[in-house]
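Step one of this worksheet: look at the structure below.
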Amino acid sequence: MTDSPLTPAADVAASVAVDDAALREAMNRVRTEVGKAVVGQDGTVTGLLIALLARGHVLLEGVPGVAKTLLVRAFSTALGLDTKRIQFTPDLMPGDVSGSLVYDARTGEFEFRDGPVFTNIVLADEINRTPPKTQSALLEAMEERQVSTDGVSRRLPDPFLVAATQNPIEHEGTYTLPEAQLDRFLLKLIVEAPSREAEMTVLRRHASGFDPRDLAAAGLVRAASIDEVHAAQRAAARVDVSDDLLGYVVDLAQATRRSPSVQVGVSPRATTALLAAAKAWAWLGGYPAITPDHVQTMLVPTWRHRIRLRADAELEGVSVDPGLTGGLPQSRVPV
């Protein structure tokens, strides 16, 4: 019998490569399925997928009517994950988000009733319309992936992702998200209005009877299992990163802290977030290690919501996105 030309280590590596390819194919199928319901938002769909792989959360910002809610619903349907929607309003209480103790008259005891965060994907609709006290109810859930009530900690389902939406143009009756909560979001994605061609496609679908409330009729099916999601998360975490790339990320972070137009630069949590997002993006592209291009691609969506500009800089028309794309990448790029 002829021995295999592969050594045991090489055999394992080849098997991992095959598994990774199959997982990537499954994640790409997710994007295809979402495209059956949402048109012209490929970048936003990819951002949601990156956040899921990196075990992070997403802040979706866009004017009403650009399919933010439909996008999240279609995304969870394509993954076969449970999802719940929380409509944030000024009178919403923390217990309405995380759950609360309820007295059972039949037993004479208090029992915990799960809140809507006990799901895989939480759609936090118009999160800036509720007071900070209720907004903070999400903090422990987003960071610790658990809810603590009456001294008891209850684990949330895995995977767990919060996709929060907010309207950037309507500020009456809203509450600005505090920096502590903004920092919990891995990515801030801007949901733009579709192009003319994409909007024509949307109208054609509606003219032919498309109902955004009936995703099954639109042909959406589950494209990946929970086990595949967990395996893809582990695979993305295994992507290699060199010390030079780590130094590049740190140099970018320090550049935000030294910039004369910036009042508050990014924190070390932001550097770990950028690293996680870059690894997920590299894995989706089939790269065994992250490159400077992966870091620069994820720089704006990962850091745009973590930087506070000085008031005089804002008056002069300075904005965060151009500063990140134009100024900071001038830091020494590893080759």
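If you're matching positions, the sequence shown starts at 37 in this note's numbering and goes up one per residue.
All residues carry an ideal CB built from backbone N, CA and C; glycine is no exception.
Here A110 is near L256, since their CB atoms are less than 8 Å apart.
Note that the C-beta distance between V356 and I343 is below 8 Å.
Under DSSP, G135 forms a beta bridge with D150. In terms of Cα proximity to V108, the closest of L88, T333, F124 and T125 is L88. Under DSSP, I122 forms a beta bridge with A160. Every beta strand (DSSP E) of 3 residues or more that sits fully in the region 182-254 is shown, in chain order, as 182-185, 188-191, 197-202 and 223-226. Residues of the same chain with a CB within less than 8 Å of the CB of A267, apart from the 5 flanking positions on each side, are D55 and L59 in chain order. Contact annotation: V265 and L115 have beta-carbon atoms nearer than 8 Å. Secondary-structure assignment with DSSP links A325 through a beta bridge to D276. In this structure, DSSP gives D55 a helical state, which the three-state scheme calls helix.
Looking at A200, P126, V70 and I205, the one whose alpha-carbon comes closest to that of L218 is A200. The C-alpha of T237 lies about 14 Å from the C-alpha of D247. No Cβ-Cβ contact shorter than 8 Å links D186 with N156. In the same chain as V94, and ignoring 5 residues on each side of it, the C-beta atoms closer than 8 Å to its own belong to G83, L84, A87, L197, V198, A199, A200, F221, L222, L223, K224 and L225, in chain order. Just measuring C-alpha positions, the residue of P168, K315, L106 and E179 sitting nearest D250 is L106. Here E179 carries a helix assignment [DSSP, helix/strand/coil]. Under the DSSP assignment, L128 falls outside any beta strand (DSSP E); it carries neither an H nor an E label.
Contact between the region 266-280 and the region 315-322 is present: 3 or more CB-CB pairs across the two stretches fall below 8 Å. Straight-line spacing of the CA atoms in V158 and E145 works out to 29 Å. Distance from the Cα of R293 is smallest, within the candidate group L345, M178 and T333, for L345.
For V81, the uninterrupted alpha helix (DSSP H) segment begins and ends at D78 to L89.
In the structure shown, the three-state DSSP call for E352 is coil. Looking from the CA of G92, the closest CA among L311, V300 and D329 belongs to L311.
Annotation for V94: the continuous beta strand (DSSP E) segment containing it runs V94 to E97.
The alpha-carbon separation between Q290 and L137 amounts to approximately 45 Å.
CA-to-CA, the gap between N203 and P167 works out to about 16 Å. A straight line joining the alpha-carbon of P296 with that of Q332 spans about 21 Å.
Judged by beta-carbon spacing, V133 lies within the 8 Å limit of P152, meaning their Cβ atoms are closer than that value.
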